[in-house]
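Remarks on the structure that follows.
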Amino acid sequence: MAGPAYQCLSELCGSEASVPAFSPPHTAPSHLVPEPELIPQRRGEVTMQAFLKGTSISTKPLSTKDQGVAAAAGGSGENKKVKPVPWVEKYRPKCVDEVAFQEEVVAVLKKSLEGADLPNLLFYGPPGTGKTSTILAAARELFGPELFRSRVLELNASDERGIQVVREKVKNFAQLAVSGSRSDGKPCPPFKIVILDEADSMTSAAQAALRRTMEKESKTTRFCLICNYVSRIIEPLTSRCSKFRFKPLSDKIQQQRLLDIAEKENVQISSEGIAYLVKVSEGDLRKAITFLQSATRLTGGKEVMEKVITDIAGVIPPETIDGIFAACQSGCFDKLEAVVKNLINEGHAATQLVNQLHDATVENDNLSDKQKSIITEKLAEVDKCLVDGADEHLQLISLCATVMQQLTQNC
Numbered sequence: 001m002a003g004p005a006y007q008c009l010s011e012l013c014g015s016e017a018s019v020p021a022f023s024p025p026h027t028a029p030s031h032l033v034p035e036p037e038l039i040p041q042r043r044g045e046v047t048m049q050a051f052l053k054g055t056s057i058s059t060k061p062l063s064t065k066d067q068g069v070a071a072a073a074g075g076s077g078e079n080k081k082v083k084p085v086p087w088v089e090k091y092r093p094k095c096v097d098e099v100a101f102q103e104e105v106v107a108v109l110k111k112s113l114e115g116a117d118l119p120n121l122l123f124y125g126p127p128g129t130g131k132t133s134t135i136l137a138a139a140r141e142l143f144g145p146e147l148f149r150s151r152v153l154e155l156n157a158s159d160e161r162g163i164q165v166v167r168e169k170v171k172n173f174a175q176l177a178v179s180g181s182r183s184d185g186k187p188c189p190p191f192k193i194v195i196l197d198e199a200d201s202m203t204s205a206a207q208a209a210l211r212r213t214m215e216k217e218s219k220t221t222r223f224c225l226i227c228n229y230v231s232r233i234i235e236p237l238t239s240r241c242s243k244f245r246f247k248p249l250s251d252k253i254q255q256q257r258l259l260d261i262a263e264k265e266n267v268q269i270s271s272e273g274i275a276y277l278v279k280v281s282e283g284d285l286r287k288a289i290t291f292l293q294s295a296t297r298l299t300g301g302k303e304v305m306e307k308v309i310t311d312i313a314g315v316i317p318p319e320t321i322d323g324i325f326a327a328c329q330s331g332c333f334d335k336l337e338a339v340v341k342n343l344i345n346e347g348h349a350a351t352q353l354v355n356q357l358h359d360a361t362v363e364n365d366n367l368s369d370k371q372k373s374i375i376t377e378k379l380a381e382v383d384k385c386l387v388d389g390a391d392e393h394l395q396l397i398s399l400c401a402t403v404m405q406q407l408t409q410n411c
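All residue numbers for the sequence shown refer to UniProt numbering, where the first residue is 1 and numbers rise by one.
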């Protein structure tokens, strides 16, 4: 038996046969509304009440404008959500002028931006001093955002860079001819840039193959080699490039950069905390920015303390280093062995301990120059053995035994 709503719909449509059979709400046609007693508290009940009261019901689809308004009203929270970006990329220099403390290379790149030709480049220096950021910023200014991807080929240590890649991928990219114009009307150099990051990890055969490619494609391509150790680049390559040494960033410049980032990101950290962050990052600004972001996420908006930075950086606490020296000073081997075993059980890296023991030894005013030389020589031997894969426990015991011998010989 049909309900009153069904009869009303039948009269509007002309006959009962013209009204389709009832189907579930998710498949029902837009012109059919189910009875309120079948699906209570649903959209159909509200629609039926409006129909019985004589209110007109629009079945037309929303226009594009209305859909946009509805989407903005319903999902404004999602639209305002900013995509998370690592701070290292977020605050990477966007232009050459933003590169800090590297005056020589900035001056050369500025001349190239003004119209002078760009030579093949070789950037070398400690990590985190801005080598990759500098050439990327220059490439963006030279080619603009539209041509950047098609004009720049970047290969780093994560890519396969053997002799086959140099002969095929790099050579094919270098052979492509390009025009000297941009869509925005600004001047654009008629060449491409190949960036070989961490070039000191390339094989000698690959470097030798690259030598001839640099000569043959000099009309259409410029190469930028980036490395930490220039001595690992073969001489025929270095002679074809303008070499620029990237100086380690001073503590003052690093602290100023970190303070600027902390202010923009609303990070609560003291000037002492910034100084400690620079110290544990060992002159690597990229590492310092990463530590700052990680510590901020860990504290959840609270002030970033030195203890949090120590945990994030994987640095051995100063109290632990003092405890090792105290155990060596005691002259008790059993106590020393217990300290070393506890250190390994806590998961501290042996190489990190060697580095921090070296700093503590050099800065210790209670040791004579002869004692310091003997301990640092032993540190060098242990460091080499650890790199070669020796047992950490035995090497640390041997190291601490030497320290104990030097500390107790005058007792």
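Built from N, CA and C at the ideal position, the CB exists for glycine as well.
Values in this document were obtained by computation on a predicted structure and should not be read as measured data.
Let me check one thing: in DSSP terms, what residues is residue i bridge-paired to?
i, result
"C241", "C241 pairs with nothing; no bridge assigned."
"T221", "K192"
"L386", "None, per the DSSP bridge assignment."
Taking the alpha-carbon positions, what's the residue i to residue j distance?
i, j, result
"K341", "T376", "22 angstroms"
"E392", "V403", "16 angstroms"
"A5", "R297", "With a pLDDT of 48 at A5, under the threshold of 50, the modelled position of that residue is not reliable, and no figure is offered here."
"I253", "T129", "11 angstroms"
"S76", "K83", "Because the pLDDT at S76 is just 43, under 50, the model does not fix this residue reliably, and the point stays unresolved."
"V267", "V382", "40 angstroms"
"A380", "R222", "41 angstroms"
"N366", "A360", "11 angstroms"
"residue 448", "I269", "There is simply no residue 448 to check, as the chain begins at 1 and stops at 411 in what is shown."
"C188", "E306", "48 angstroms"
"L118", "S112", "6 angstroms"
"V69", "V85", "Residue confidence is low: V69 scores 42 on pLDDT, short of 50, so the model does not pin down where it sits. No coordinate-derived value is stated."
"P145", "E114", "18 angstroms"
"R212", "N228", "23 angstroms"
"P318", "T299", "21 angstroms"
"L357", "D322", "10 angstroms"
"E103", "Q256", "18 angstroms"
"A107", "K302", "42 angstroms"
"Q164", "T290", "35 angstroms"
"Q405", "A390", "22 angstroms"
Cutting at 6 angstroms between CB atoms, please list the residues of its own chain near residue i, excluding the five before and the five after it.
i, result
"R151", "F143, K192"
"L153", "F173, V194"
"V166", "A206, A209, L210"
"P93", "V99, S133, A137"
"L285", "G128, L249, Q254"
"K243", "L122"
"C385", "Q395"
"L109", "V96, A138"
"Y91", "I261"
"L196", "L155, L225"
"V230", "Y124"
"residue 483", "Only positions 1 to 411 of the chain appear in this structure, which leaves residue 483 out of reach."
"T408", "G331"
"S294", "I312"
"R240", "N120, M214"
"P236", "R211"
Which of the three DSSP states is assigned to residue i in this structure?
i, result
"C227", "strand"
"F123", "strand"
"V99", "coil"
"V85", "coil"
"V339", "helix"
"L155", "strand"
"L367", "coil"
"residue 485", "Here the chain comprises residues numbered 1 to 411, so residue 485 is not present and cannot be evaluated."
"R212", "helix"
"E78", "Low confidence applies to E78: its pLDDT is 46, below 50, so where it sits in the model is not reliable enough to give any reading."
"T129", "coil"
"K302", "coil"
"E377", "helix"
"G115", "coil"
"I321", "helix"
"I233", "coil"
"residue 417", "Past the edges of the chain, shown from 1 to 411, lies residue 417, and the structure says nothing about it."
"D334", "helix"
"E198", "coil"
Which residues in the same chain have their Cβ closer than 7 angstroms to the Cβ of residue i, if we skip the five residues on either side of it in sequence?
i, result
"C400", "I324, C328, L336, V340"
"H348", "I316"
"K131", "F123, G125, I226, F246"
"I344", "E392, H393"
Tell me which same chain residues have a C-beta within less than 8 angstroms of the C-beta of residue i, skipping the five on either side of it?
i, result
"R140", "K94, C95, F148"
"Q219", "Per the sequence presented here, residue 219 reads as Lys, with Gln not at that position. Around K219: F191."
"Q352", "G314, V315, I316"
"L292", "W87, L258, I261, A262, V267, I269, L277, V304"
"D204", "Asp is not the amino acid found at residue 204; the sequence shown has Ser there. Around S204: I234."
Exercise for the section: At 4 residues or longer, and completely inside the stretch 240–289: list those alpha helix (DSSP H) runs for me, N to C. Expected result: If we require 4 residues or more, the alpha helix (DSSP H) runs fully inside the stretch 240–289 come out as 251–264, 271–280.
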